[in-house]
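Those protein sequences? They're chains A and B, same order as listed. Residue numbering for the first sequence follows numbering that gives the first Met the number 0, starting at 0 and increasing by one per position. Residue numbering for the second sequence follows numbering that gives the first Met the number 0, starting at 0 and increasing by one per position. For glycine and all other residues, C-beta sits at the position ideal for the given N, C-alpha and C. Have a look at the structure below, then the notes.
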Amino acid sequence: MAKKKFVVGCFDDEAVLFPAVKKVRTAGYKIHDVYTPFAVHGLDHAMGLRETSLHTAGFIYGITGTATALSSISWIFTKDWPLNIGGKPHFALPAWIPIMFELTVLFAAVGMVLTFCYLCQLAPFVKKHHFHARATDDLFVMVIECTDKTNTDDLQAFLSSNGALETKVEVAEDGWWLGRYDKDEMPFEEKQIVAA
Amino acid sequence: MHLKYESQLREPLVYGDKTYKQVTEDIVRPIEAKPTKLWYVGFYIAVALLMFGVYSVYREVTYGIGQWNLNKTVGWGWDITNFVWWVGIGHAGTLISAILLLFRQGWRTGVNRAAEAMTIFAVMCAGQFPIFHMGRVWMAFFVLPYPNSRGPLWVNFNSPLLWDVFAISTYFTVSLLFWYSGLIPDFATVRDRAFTKLRKRLYGIASFGWTGSTKHWQRHESLSLVLAGLSTPLVLSVHTIVSFDFATSVIPGWHTTIFPPYFVAGAIFSGFAMVQTLMIIVRKVFAMEDYVTIGHIEAMNKVIVLTGSIVGIAYLTELFMGWYSQNKYEGYTFWYSRAYLFSPYGWSYWGMMACNVLSPQIFWFRKMRRNIFVTFFMSIIVNIGMWFERFVIIVTSLYRDYLPSSWSVYYSPTIWEIGFYAGTFGLFFTCFFLFAKYFPVIAIAEIKYVLKTTGEGYKNQMANIEEQKLEEFVHEHAHH
Chain A
0 MAKKKFVVGC FDDEAVLFPA VKKVRTAGYK IHDVYTPFAV HGLDHAMGLR ETSLHTAGFI
60 YGITGTATAL SSISWIFTKD WPLNIGGKPH FALPAWIPIM FELTVLFAAV GMVLTFCYLC
120 QLAPFVKKHH FHARATDDLF VMVIECTDKT NTDDLQAFLS SNGALETKVE VAEDGWWLGR
180 YDKDEMPFEE KQIVAA
Chain B
0 MHLKYESQLR EPLVYGDKTY KQVTEDIVRP IEAKPTKLWY VGFYIAVALL MFGVYSVYRE
60 VTYGIGQWNL NKTVGWGWDI TNFVWWVGIG HAGTLISAIL LLFRQGWRTG VNRAAEAMTI
120 FAVMCAGQFP IFHMGRVWMA FFVLPYPNSR GPLWVNFNSP LLWDVFAIST YFTVSLLFWY
180 SGLIPDFATV RDRAFTKLRK RLYGIASFGW TGSTKHWQRH ESLSLVLAGL STPLVLSVHT
240 IVSFDFATSV IPGWHTTIFP PYFVAGAIFS GFAMVQTLMI IVRKVFAMED YVTIGHIEAM
300 NKVIVLTGSI VGIAYLTELF MGWYSQNKYE GYTFWYSRAY LFSPYGWSYW GMMACNVLSP
360 QIFWFRKMRR NIFVTFFMSI IVNIGMWFER FVIIVTSLYR DYLPSSWSVY YSPTIWEIGF
420 YAGTFGLFFT CFFLFAKYFP VIAIAEIKYV LKTTGEGYKN QMANIEEQKL EEFVHEHAHH
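As C-alpha cells, this is what we get:
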C-alpha cells in the first residue's frame with residue numbers, strides 16, 4: 000500500500016476535541032480518522048461519518064437462522080423421516096419455536112461479529128500503523144491526511160491553537176498487513192511494579 | 000468544564016479523582032505485576048481440584064455410570080443438579096452485561112467484565128455434566144443433527160433435552176463473542192503500554208490490530224447494543240428451556256407451569272451471589288475498591304433480595320398448589336417428600352428454605368447491604384441454598400414416584416460423583432485465576448466512558464457548579 004503523509008494532533012480532553020474537529024472540517028482539511036481510547040458519543044456525527052448498517056446485517060443473519068431452523072426441521076420431520084410420536088402432528092410448530100429462536104440468535108450473533116471484524120479489518124496477527132501509542136490510553140489522536148497543497152507547518156500551528164497538546168507529521172501506510180507488534184518502538188520502559 | 004450532568008444524590012461509581020491514565024494504570028497493574036503468593040496458592044489449589052475431577056471422570060468413562068450411585072429410580076442425581084446449578088450461575092453475567100446495558104445502568108461497567116468471564120466458565124462447567132452423564136461419551140456427537148449413516152436417524156426436535164443442546168451451545172457461543180468483542184479494545188490498551196516483547200506480541204495477536212478508530216468504535220457500539228439485545232431474550236430462554244427438561248415431564252413436583260419464571264429468577268439469584276463472592280475477592284486482592292465500590296455491592300444485593308423473594312414466592316405457590324390441586328401425588332411430593340422435616344430428604348428442603356428465602360431478607364437493611372463481610376457470607380449461603388434447590392427438585396421428586404414398588408432406597412453420591420463436582424470447581428477457578436492475571440478484569444474503555452459523569456472528582460466539580468450563583472454560572476458557561 001502506498002505511503003501517505005499525515006499531520007497528527009493529540010488532545011487530552013474530548014471537550015476540546017469536539018470544537019477542534021468542527022474547526023478543522025470547516026477549514027476544509029480532510030480528517031483521516033480520530034483514534035480514541037473509548038467510544039466518544041457524537042464524535043462520528045461531528046466527523047460526518049454515516050450511521051453504520053451493521054444492525055441491518057444482524058437482522059438479515061437472524062432471519063436466515065430462523066429460516067434455516069424452520070426449513071430443516073420441517074423437512075426432516077415431515078418428509079425425510081416422519082416419526083410417529085404418540086400420534087401427534089408431524090408438523091409440530093410450537094415445539095420447534097425454542098430451536099428456531101436459538102438459531103436466530105446464534106446466526107445473528109456469529110454473523111454480526113464476523114461482519115464487524117471484516118468491516119474493521121480485525122483479525123489475529125493483523126497489524127496496523129499507530130499514530131500515537133497513547134491513543135488506546137488517554138489521548139484523542141486526530142489524524143489529517145495531507146494533499147500536495149497542504150502546508151504542514153500551518154496545519155500544525157492551527158491544531159495547536161485549537162488545543163492540541165502535541166502535533167507531528169508522519170509518513171505512514173494506512174490499511175493493514177500481517178505483522179508483529181513487538182518490533183515496534185516501546186515507549187514505556189520497564190519499571191518495577193509492586194503488586195498491590 | 001464538561002457539561003454532562005449527573006445528580007449528586009447518586010454516589011460516584013469511580014472513587015478518587017482519577018484521570019484516564021490512572022484508570023488504565025490501576026486496571027492493567029495486575030497484568031504487568033508479578034502474581035502474588037496468594038495467587039499461586041489459589042491457582043494450585045484450583046488445579047489440584049481439577050486433577051481430582053479429571054480422575055473422577057476418567058473412572059466414570061472407563062468403568063461406566065455405575066461409578067455413580069444413580070439407580071433406576073433416581074436416574075438424575077448430583078450430575079444434573081450440578082448442571083442446572085452451574086448454568087444458573089452463568090446467568091448473572093449476561094444479566095449484568097446485556098440487560099443492564101439496555102437499561103442504561105452505569106454501575107454495570109465496574110463488574111461486567113468479570114461477570115461475563117464467570118458466565119463463560121460456569122457454562123463450560125455446566126456442559127460437562129450432561130455430556131458425561133451420557134455414559135458412552137465418545138458418542139456425544141449423536142446429539143448433533145446431521146445427515147448420517149444411521150438411517151439417517153435424526154434427533155428429536157420436539158424434545159426439551161435437544162432444545163437444551165441448542166440453548167446451551169448458543170448461549171456459550173454468544174456469551175463468548177460478546178465478552179471477546181468487549182475485550183479487544185482493552186487488549187489493545189495492554190499491548191500499547193507493554194514493556195516486554197513477549198507481552199507486546201501476545202496482546203498484539205489478541206487485540207486483532209485494534210486502533211481505536213472512530214468508525215470502528217461506532218460499529219463496536221452498534222455490535223454491543225445488538226448483542227445485548229440478542230442476549231437478553233437468550234438468557235431468559237436458556238433457563239426456561241432448562242426448566243422445560245422438568246416441566247414437560249409427568250413427574251409430580253416437576254409437572255408445573257411455574258417453572259420457567261421460577262428457574263430464571265433462581266438463576267439470576269445464584270449468579271449474583273457468585274459475582275459477589277468473586278468480586279469481593281478480586282477488588283481486595285487487586286486493590287480495585289475504587290472501581291468496584293460499596294455502591295456496586297449494594298446494587299447487587301438489591302438484586303439478590305428481589306430475586307430471592309421471587310424464588311420464595313414460587314416455593315410457597317408450589318406448596319399451595321400441592322394442596323389446592325387435590326392431586327394426591329403432588330400433595331405427597333410437596334407436603335411429605337419435601338416440606339415434612341422428618342422425611343428422608345426433608346433436611347434438604349428446609350436447608351433450601353433457610354438459605355434462599357429467609358436469610359437474604361437481611362438485605363432489606365441498608366447497613367447489611369453495604370457490609371462486605373455479611374455480603375460475602377451471604378453470597379456463599381445463597382449458592383449453597385440454590386444447590387439445595389436443584390437437589391430438592393430432582394431427587395425428592397424422583398426417589399418416590401407413583402409406584403411404591405419402584406421407590407428407591409436413600410440416594411447419596413459416591414466419592415467420584417463428588418469428585419466430578421469438585422473438579423468443575425477446579426476448572427472454574429483455574430480459568431478464573433488465569434483470567435484475573437492475564438485479562439483486564441474491569442472493562443477499561445467502559446470505565447473511561449462513564450468517568451466524567453460518575454467519577455468522584457468530576458462529581459465534586461459538578462457540586463461546585465450547583466453552588467454557583469446564577470450570574471457566575473452564566474458568566475462562565477454562556478456562549479459569547
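Of all alpha-carbon atoms in B/V237, B/L69, B/Q104 and B/R389, the one lying nearest the alpha-carbon of B/G89 is that of B/V237. Counting the other CB atoms within 10 Å of its CB gives B/F186 a total of 16 or more, which places it among the buried residues. Listed in chain order, the positions of the stretch 49-78 of chain A with a beta carbon within less than 7 Å of a beta carbon of chain B are T51, L53, H54, G57, I72, I75 and F76. CA-CA distance, B/I240 to B/A113, rounds to 25 Å. Around the Cβ of A/N150, a 10 Å sphere holds fewer than 16 other Cβ atoms; the residue is exposed.
Here the alpha carbons of B/M461 and B/F419 stand approximately 54 Å from one another. In the same chain as B/K71, and ignoring 5 residues on each side of it, the C-beta atoms closer than 8 Å to its own belong to S405 and S407, in chain order. For the stretch 23-37 of chain A, the set of positions with a beta-carbon nearer than 8 Å to some beta-carbon of chain B reads D32, V33, Y34, T35, P36 and F37 in chain order. In the structure shown, A/A171 adopts extended strand secondary structure according to DSSP, grouped into three states. Counting along the chain, the unbroken beta strand (DSSP E) around A/G8 starts and ends at K2 to F10. With the rule of 3 Cβ pairs closer than 8 Å, the stretch 270-288 of chain B does not count as touching the stretch 320-338 of chain B. The stretch 66-92 of chain B contains no complete alpha helix (DSSP H) run of 4 or more residues.
B/A421 and B/T413 have their C-alpha atoms spaced approximately 12 Å apart. Using a CB distance cut-off of 9 Å, B/F376 does not count as an interface residue toward chain A. The C-beta distance from B/V310 to B/N382 rounds to 13 Å, too long to fall under 8 Å, and the pair is not in contact.
Using a Cβ distance threshold of 9 Å, B/F268 and B/I303 count as a contacting pair. Using a CB distance cut-off of 9 Å, A/A94 counts as an interface residue toward chain B.
Residues of chain A whose Cβ lies closer than 8 Å to the Cβ of B/Q460 do not exist, since the nearest Cβ in that chain is about 12 Å away.
At least 9 Å separates the CB of A/K3 from every CB of chain B.
Residues of chain A whose Cβ lies closer than 9 Å to the Cβ of B/P184 are, in chain order, P36, F37, A38 and T135. In this structure, B/V284 keeps its C-beta atom at 9 Å or more from the C-beta atom of B/S230.
Look at A/E184 here: in three-state DSSP terms it is coil, with no helix or strand label. The Cβ neighbour count for A/P18, taken over all protein chains shown within 10 Å, is under 16; the residue is labelled exposed.
For the options B/E465, B/T423 and B/Y437, the alpha carbon positioned closest to that of B/Y54 is the one of B/T423.
In summary, A/D147 is exposed, with fewer than 16 beta-carbon neighbours lying within 10 Å of its beta-carbon over all protein chains present. A/D43 is not a Cβ neighbour of B/Y19, given a cutoff of 9 Å.
Restricted to the stretch 178-237 of chain B, the alpha helix (DSSP H) segments that are unbroken, complete and at least 4 residues in length are 196-205, listed in chain order. B/F51 is positioned such that its CB atom lies no closer than 9 Å to that of B/F427. A straight-line Cα-Cα distance of about 10 Å links B/I417 and B/S411.
Shown here, A/M141 sits in a strand according to DSSP, grouped into three states. A contact is defined here as three or more CB-CB pairs under 8 Å, and the stretch 214-224 of chain B meets this definition with respect to the stretch 175-184 of chain B.
At least one beta carbon of chain A lies nearer than 9 Å to the beta carbon of B/W153. Under the three-state reduction of DSSP, A/L105 is assigned to helix. Here A/Y34 carries a strand assignment [DSSP, helix/strand/coil]. Chain B places no beta carbon closer than 9 Å to that of A/L158, leaving this residue out of the contacts.
Here B/E24 carries a helix assignment [DSSP, helix/strand/coil].
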